[in-house]
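Here is the structure we will look at.
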Amino acid sequence: MLETLTARLARIVKQVRGEARLTEANIQEALREVRIALLEADVALPVVKHFIEAVRAKALGAEVVGSLTPGQALVGVVHRELSALMGEANVPLNLATQPPAVILMAGLQGSGKTTTSGKLARLLVAQKKSVALVSCDVYRPAAIEQLKTVAGQAGGQFIPSSAGEKPVDIARRAHEFARTHYLDVLIVDTAGRLAIDEEMMREIAELHGLLQPIETLFIVDAMQGQDAVNVARAFNQRLPLTGVILTKLDGDSRGGAALSVRHVTGQPIKFAGVAEKLSGLEPFHPERMAARILGMGDILSLVEEAHAKIDLEEAKRVAEKVKKGKGFDLEDFKQQIAQMKKMGGVASLIDKLPAQLAGQVDPAKLADDKQLKRIEGIISSMTPQERAKPELIKASRKRRIASGAGVSVQAVNQLLNQFEQMQKMMKMMKGGNLQRMMRNLKGVLPGMR
């Protein structure tokens with residue numbers, strides 16, 4: 137996500153921080169580099185101009201020029217202006233209306249409206265809201281079936297619809313169902329097209345007039361780049377949008393839409409889609425995203441994610457075991473991999489680290505989900521006794537384990553060697569020698585330099 141922009145800006149930040157004093161000349165040079173980086177990230181030209189002017193005005197003021205640490209002060213200005221560009225601090229959904237609170241989902245076909253409807257339902261169900269979902273996309277029967285599936289996975293009620301019905305009739309019936317069944321929220325998935333057309337805009341405007349939604353959310357694919365700006369502008373002119381949800385933010389190396397769409401619509405980005413699974417929707421925090429773009433990492437989100445997804449009792453059990461010197465065994469190792477997978481895998485964790493820490497990892501050698509599954513498979517092929525005492529695993533046992541996991545004996549040997557190194561590291565943790573532990577870590581985890 138935003139990899140190219142982050143890499144460029146992190147370099148600029150490093151250069152600027154090294155300046156003993158800032159002059160108009162070196163500020164202009166830094167801003168020229170920032171401008172190129174933003175354009176390369178597919179940020180819309182009017183947005184780039186607005187951003188550069190805002191930073192220049194503040195950077196040439198006393199706030200930076202008179203600072204004892206001018207380089208850091210300039211980075212602070214860039215961070216604040218990036219945050220402002222993407223909107224105010226996280227704006228929650230507004231559900232303060234007589235139930236059912238209607239949420240209308242708008243956007244082009246392929247932007248991720250249907251999946252996002254399910255993700256949103258899952259979040260609301262977790263907040264103890266009763267939620268119903270309905271599809272008004274009568275042009276794609278597959279979309280209705282997809283919504284039915286994600287509604288079931290999210291724990292929401294699905295209101296059936298069919299290709300033979302008119303969208304307004306579906307909406308009217310769904311609203312009546314939600315009202316008479318005392319549901320808190322009704323999420324309405326609408327039809328999209330491959331491009332903006334008058335018929336689609338007229339239809340969604342008619343649905344909006346009928347339903348009077350409390351939230352009208354524009355779903356935009358972060359990978360659309362410049363096109364996202366044009367689409368956002370068209371929808372904003374025809375609908376009173378209340379917020380934006382960015383999808384596919386995990387798969388885009390440019391991500392200009394994240395910086396452009398709020399400026400164009402004037403509406404806050406409320407959520408970001410960061411993974412395909414239903415749990416992959418996060419509240420959008422502009423200041424945290426700005427920090428990540430500048431290579432400062434997003435430790436706060438990492439901590440929140442850990443609290444939400446990690447089994448704290450399990451983590452505490454392992455920590456106590458290590459502390460008492462009772463040994464870290466292969467069963468513990470397997471449990472830690474499971475915890476890591478819950479948080480989106482190694483790549484997801486690395487993405488939230490500050491650049492100087494993430495820079496210690498070689499992406500080409502990073503353990504991906506496939507490798508983590510293979511490690512899990514190897515450990516699962518072992519007996520409980522073997523997991524507790526890996527030293528028992530000799531040649532014949534290795535052949536049996538390899539056969540059970542569908543891997544080579546060499547892969548089993550590699551895992552056992554890595555685990556042996558990890559056990560040594562755990563002993564160092566017990567002794568409190570953190571520096572030695574970090575040196576040895578380079579040889580233990582795949583990708584550490």
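Residue 137 is where the sequence shown starts when you use the numbering used here, and the numbers rise one by one after that. Backbone N, C-alpha and C define an ideal beta-carbon position, used for all residues, glycine too.
| Query | Result |
| --- | --- |
| Enumerate in chain order the residues of its own chain whose CB-to-CB distance from alanine 500 is below 7 Å, with the five nearest sequence positions on each side excluded. | Any answer about alanine 500 is weak, because its pLDDT of 44 lies below 50 and its placement is not dependable; what the coordinates show is given next. Nothing listed; no residue qualifies. |
| Compute the Euclidean distance between the alpha carbons of methionine 558 and glutamate 169, then round it to the nearest angstrom. | 42 Å |
| Assuming valine 321 contacts lysine 265 (C-beta within less than 8 Å), just tell me the rounded distance between them. | 5 Å |
| So, for arginine 147: in the same chain, excluding its five sequence neighbours on each side, which residues have a beta-carbon less than 6 Å away from its beta-carbon? | none |
| What residue from Ala220, Pro526 and Phe354 has the CA that sits closest to glutamate 467's CA? | Pro526 |
| Can the beta-carbon of leucine 347 be found closer than 8 Å to that of valine 238? | yes |
| Can you find the residues in the same chain that come closer than 6 Å, C-beta to C-beta, to glycine 223, ignoring five residues on each side of it along the sequence? | Arg398, Pro404, Ile405 and Pro422 |
| Tell me the DSSP secondary structure of alanine 268 in three-state form. | strand |
| Taking DSSP's pairing of strands, which residues face aspartate 325 in a bridge? | Met241 and Ser271 |
| What three-state label does DSSP hand proline 419 in the structure shown? | strand |
| Threonine 252 by DSSP, collapsed to three states: which one? | helix |
| Would valine 274 and alanine 299 qualify as a contact pair, given that the criterion is a beta-carbon distance under 8 Å? | yes |
| I'd like to know whether the C-beta atoms of isoleucine 514 and glutamate 522 end up nearer to each other than 8 Å. | no |
| Please state the DSSP three-state secondary structure of glycine 159. | In the sequence as displayed, the identity of residue 159 is threonine instead of glycine. In this structure, threonine 159 counts as coil in the three-state DSSP scheme. |
| So what does valine 356 bridge to, in DSSP terms? | Leu382 |
| For glutamine 293, report the span of its alpha helix (DSSP H) as first-last. | Unbroken run through glutamine 293 is the beta strand (DSSP E), 293-295; no alpha helix (DSSP H). |
| Would you check if the region 277-284 and the region 303-316 touch, i.e. whether three or more CB-CB distances between them fall below 8 Å? | no |
| Got a sec? Which residues, its chain only, sit under 8 Å from valine 543 by beta carbon, not counting five neighbours each side? | Arg510, Gly513 and Ile514 |
| Less than 8 Å separating the beta-carbons of valine 367 and serine 396? | no |
| For the beta strand (DSSP E) containing lysine 406, list its first residue and its last residue. | 405-409 |
| What is the DSSP secondary structure of glutamate 412, counted as helix, strand or coil? | coil |
| Check each candidate in Leu551, Val179, Ala547 and Ala538 and name the one with the smallest Cα separation from alanine 358. | Val179 |
| Sort Leu552, His344 and Ile332 by Cα distance to glycine 243 and report the nearest one. | Ile332 |
| With distances taken from CA atoms, which of Ala290, Glu335, Gly291 and Gln289 is nearest proline 303? | Glu335 |
| Measuring CB to CB, does leucine 375 end up less than 8 Å from lysine 255? | no |
| Count the other CB atoms within 10 Å of the CB of alanine 236; is the residue buried (16 or more) or exposed (fewer)? | The residue asked about is misnamed: residue 236 is proline in this sequence, not alanine. Buried, since its Cβ has 16 or more Cβ neighbours within 10 Å. |
| Got a sec? Which residues, its chain only, sit under 6 Å from threonine 250 by beta carbon, not counting five neighbours each side? | Ala279, Gln282, Leu283 and Asp325 |
| Buried or exposed for aspartate 305, going by 16 or more other Cβ atoms inside 10 Å? | exposed |
| Hey, quick one: how far does the alpha helix (DSSP H) through arginine 315 stretch, first residue to last? | 303-316 |
| Report the CB separation of leucine 240 from leucine 343 in whole angstroms; it is logged as a contact under 8 Å. | 7 Å |
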